[in-house]
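Participant: Residue numbers (the numbering used here): 11 to 271. Yeah, the Cβ is synthetic: ideal placement off N, Cα and C, and Gly gets one too. Structure below; questions to follow.
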Amino acid sequence: MSLDTGIRGKRILLLGACGVLGRVHARLLAEQGARLIIADRPGTTVREDAKALGIPGIEIDVAQERMVTDGVASAAAHFSGLDGAIFNAAITSEGLAGEGNAFPAFEDYPLVLWQKAIEISLTGAFLFAREAGKVLRQASGGSLINVASVYGVVGPDHRIYDGQPFRSFPAYSASKAGIIGLTRWLATWWAKDGVRVNCVSPGGVFNDHDARFVAAYANRTPMGRMADREEVTGILVYLLSDASRYCTGQNFIIDGGLTSW
């Protein structure tokens, strides 16, 4: 028995397509022949990016329940169903940099910053999974992928952020750990319906960081470097393909060995 390791023709919705990794995921998935539709919040370049790739693009604000419900339904209607859905939305440290005092000490951390990050990164994952799962169940199976982080598995080494304009922040780690837990819960809930639910946890990805940060991060990683942007999409292709049809409830850590130490 042979397994199809490709995703050509598979109907896939990627939410969070305009970030550092999202744009790379969109391009590489499209190049692999997926029938892809991308989504991101209003005010991003999602429609322009979609046009450049020759694929559909829609706006979804994961903080707005109605937009998630309508957006997933619209994507499913466009393709008459979905074979895969990827939740890649989050508030990141670099996204917060420059927004005033976005990285206060934990002892002074305001509730509003905590709530904002949890709303986007974790509640958004819940809403997306709820709506995408309905569609995947109707298709008698499919693949739901949540993107978490190594900081949902281990704590950050706060020393590597010394002198940087950004920091690790508590709601990021909490939300990513929550996504991993949500993934496992959903995997056991939907296994009987043929819906596979898995998680991908990337380590640090190079995004024009300064040399000091790159060196500090590399020193914490057995492979001695940060990830390139193109090095994460491969696991998505595997999880979307039939090659992973017996795989569910797993957290795939793509971190150059960081969590092995």
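Going by other Cβ atoms of all chains shown within 10 Å of its Cβ, with 16 needed for buried, is D218 buried or exposed?
Facilitator: Exposed: under 16 other Cβ atoms inside 10 Å.
Participant: Between V215 and chain B, is there a C-beta pair that is closer than 7 Å?
Facilitator: In the displayed structure, chain B is absent; only one protein chain is listed.
Participant: Looking at the secondary structure, which residues open and close the alpha helix (DSSP H) in which I190 lies?
Facilitator: Note, I190: alpha helix (DSSP H), 180–200.
Participant: Does DSSP put G19 in a helix, a strand or coil?
Facilitator: The answer is coil: DSSP assigns G19 none of H, G, I, E or B.
Participant: Suppose contacts are defined by Cβ-Cβ distances below 7 Å. Is A49 in contact with I68 by that definition?
Facilitator: Contact: yes.
Participant: Going by the beta-carbon positions, is the gap between C28 and V72 smaller than 7 Å?
Facilitator: No.
Participant: Considering Cα atoms alone, identify which of G16, R222, L246 is closest to F262.
Facilitator: If we check each option's Cα against that of F262, L246 comes out closest.
Participant: Which residue from A187, V157, D220 puts its Cα closest to that of G26?
Facilitator: For G26, the nearest C-alpha among the options comes from V157.
Participant: From the DSSP output, read off the bridge partner residues of D59.
Facilitator: Per DSSP, none; premise fails for D59.
Participant: For G151, which residues in the same chain have their Cβ closer than 8 Å to its Cβ, ignoring the five residues on either side in sequence?
Facilitator: Counting only Cβ-Cβ distances below 8 Å, and skipping sequence neighbours, we find D203, G204, V205, R206.
Participant: Determine the direct distance from the alpha carbon of P66 to that of I155, and round the result to whole angstroms.
Facilitator: Near 20 Å, if we compare the C-alpha coordinates of P66 and I155.
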